[in-house]
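Before any comments, here is the structure.
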Amino acid sequence: MRIREFRGRDERQVLELLDEAMPQDRMGPEVFRQKVILQENYDPSLCLIAELGSEVIGFIFAPVQKNLGYVNVIGVRAEHRRKGIGTELLHEIEKRHKEKGVKKIIISGGPKYVVPGVDVKAYPEAMNFFLKNGFEEVSRDSVSMSRSLMGYDTPKYVLEIEEKLVKEGYRFQQLDGEHVLDLLLFLRKNFPGWEEDLRRTLEMRAGSLDFATIALKDEEIVGYCQVATDGLIEHFGPFGVLPDHRNRGIGTVIFHMCLRMLQSKGARNVWFAWGGGKNYSFYERQGMVEMRRFAILSKEI
3 MRIREFRGRD
13 ERQVLELLDE
23 AMPQDRMGPE
33 VFRQKVILQE
43 NYDPSLCLIA
53 ELGSEVIGFI
63 FAPVQKNLGY
73 VNVIGVRAEH
83 RRKGIGTELL
93 HEIEKRHKEK
103 GVKKIIISGG
113 PKYVVPGVDV
123 KAYPEAMNFF
133 LKNGFEEVSR
143 DSVSMSRSLM
153 GYDTPKYVLE
163 IEEKLVKEGY
173 RFQQLDGEHV
183 LDLLLFLRKN
193 FPGWEEDLRR
203 TLEMRAGSLD
213 FATIALKDEE
223 IVGYCQVATD
233 GLIEHFGPFG
243 VLPDHRNRGI
253 GTVIFHMCLR
263 MLQSKGARNV
273 WFAWGGGKNY
283 SFYERQGMVE
293 MRRFAILSKE
303 I
């Protein structure tokens, strides 16, 4: 068995391997390319396969961002598990991360993540694997949630909150051309990690700006949410309100405006892949239901 860098001709075997290893997170060729090789910071030395003869039996992709290492994907063919192959791949990545100045590796939502951690119900063997290899569980607060839009109608209390906020000088609308630059600068200043999400969505949906909903006060943006970050219209997020304007119902109003927009486009569901924590109760109040729960793990190297 040898470990080498991934090459384009390995794609078919890698996808077959990942179908076995991550059956709840299958990727077709387009999604694999988007999540792995089309990353802006793609580094071939951090995308590795384990090869036995001409057969690909293991795969790992572990990008680096801002001196943090992430294990975005790892998998081993079923018939080759419990032979140390996954451990060898992980140790090789740890060595290469160290050479690049990485001090900590995280099993969480790295750049263009596939899953935001280890699904504790779907992949208990993966959880044990990382713990045995020196990772520590940081939290188990990350969840995927969804709700149906079949028969959705905006609750009366939400409309009452919106009416009250409008009287206080707030305004709510879908994004338009006049506010694109304002929103980009708002995110750069207040939520810098989300500016790239908006840029990417704008590039994909240049002819339609209503994927984003904004809240304004005195013509300044104070809150925002969007869908379709990865091109999937029902995928919700990011979502944020400035601290000085929280706990007034602004988030509730723009969330439900977003649901109405989705409904008008024929969407039958809304979901997000990674959220929760202190916001869990908010989403529960809006009718979202937990679908999956993820453990976040880390390791100092």
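The numbering used here numbers the first residue of the sequence shown as 3 and each following residue consecutively.
Think of the CB as a built atom: it goes at the ideal place given N, C-alpha and C, for glycine as much as any other residue.
Nothing here was measured: the structure is a model prediction, and the numbers come from that model.
According to DSSP, is residue i part of a helix, a strand, or is it coil?
| i | result |
| --- | --- |
| L177 | coil |
| P240 | strand |
| S110 | coil |
| D27 | coil |
| I105 | The sequence shown places Lys at residue 105, not Ile. Three-state result, K105: coil. |
| M147 | strand |
| I303 | coil |
| A208 | coil |
| R4 | strand |
| G153 | coil |
| Y159 | helix |
| F274 | strand |
| L234 | coil |
| V140 | strand |
| G279 | helix |
| V291 | strand |
| V168 | helix |
| L40 | coil |
| G86 | coil |
| G268 | coil |
| R201 | helix |
Just to confirm my understanding: we take residue i, look at its own chain, exclude 5 residues before and 5 after, and list those with CB closer than 7 Å. What are they?
| i | result |
| --- | --- |
| D212 | Q176, L177, M263 |
| V168 | none |
| N135 | T89, L92 |
| L189 | W196, E197, L200 |
| A269 | L151, I235, E236 |
| H258 | T156, V160 |
| K100 | I303 |
| E127 | none |
Anyone know if the C-beta pair for residue i and residue j falls short of 8 Å?
| i | j | result |
| --- | --- | --- |
| L244 | V224 | yes |
| I256 | E96 | no |
| V33 | L48 | no |
| F274 | D121 | no |
| I235 | K267 | yes |
| K158 | Q41 | no |
| V145 | R294 | yes |
| R84 | L19 | no |
| K106 | G71 | yes |
| H181 | I216 | yes |
| I59 | H82 | yes |
| F137 | K301 | yes |
| G261 | Y154 | Strictly speaking, residue 261 in this sequence is Leu, with Gly absent from that position. Cβ atoms of L261 and Y154: closer than 8 Å. |
Name the DSSP bridge partner or partners of residue i?
| i | result |
| --- | --- |
| C49 | F63 |
| D121 | F296 |
| E57 | L54 |
| T254 | Answer is none; T254 lacks a bridge partner. |
| G71 | V66, I107 |
| I76 | I62 |
| L218 | R173, I223 |
Considering only residues of the same chain and omitting the five flanking positions on each side of residue i, which have a CB-CB separation below 8 Å?
| i | result |
| --- | --- |
| V291 | M147, S148, R149 |
| G103 | N69 |
| G171 | K219, D220 |
| N43 | P65, V66, Q67, P113 |
To which residues of the same chain is residue i closer than 6 Å at the C-beta, ignoring the five residues directly before and after it?
| i | result |
| --- | --- |
| I5 | L50, A52, E94 |
| V117 | D27 |
| F193 | G242 |
| E139 | A297, L299 |
| G233 | M206 |
| A214 | L177, Q228 |
| F8 | C49, I51 |
| A23 | G77 |
| F63 | V38, C49, N74, V75 |
| W276 | G111, P118, S144 |
| G278 | D143, S144, V145 |
| Q15 | V58 |
| G253 | V243 |
Hey, quick one: how far does the beta strand (DSSP E) through residue i stretch, first residue to last?
| i | result |
| --- | --- |
| E222 | 222–229 |
For residue i and chain D, any beta-carbon pair shorter than 8 Å?
| i | result |
| --- | --- |
| P240 | The structure shown contains no chain D, having only a single protein chain. |
Start and end of the alpha helix (DSSP H) containing residue i?
| i | result |
| --- | --- |
| E286 | 282–287 |
| A128 | 126–134 |
| L183 | 182–192 |
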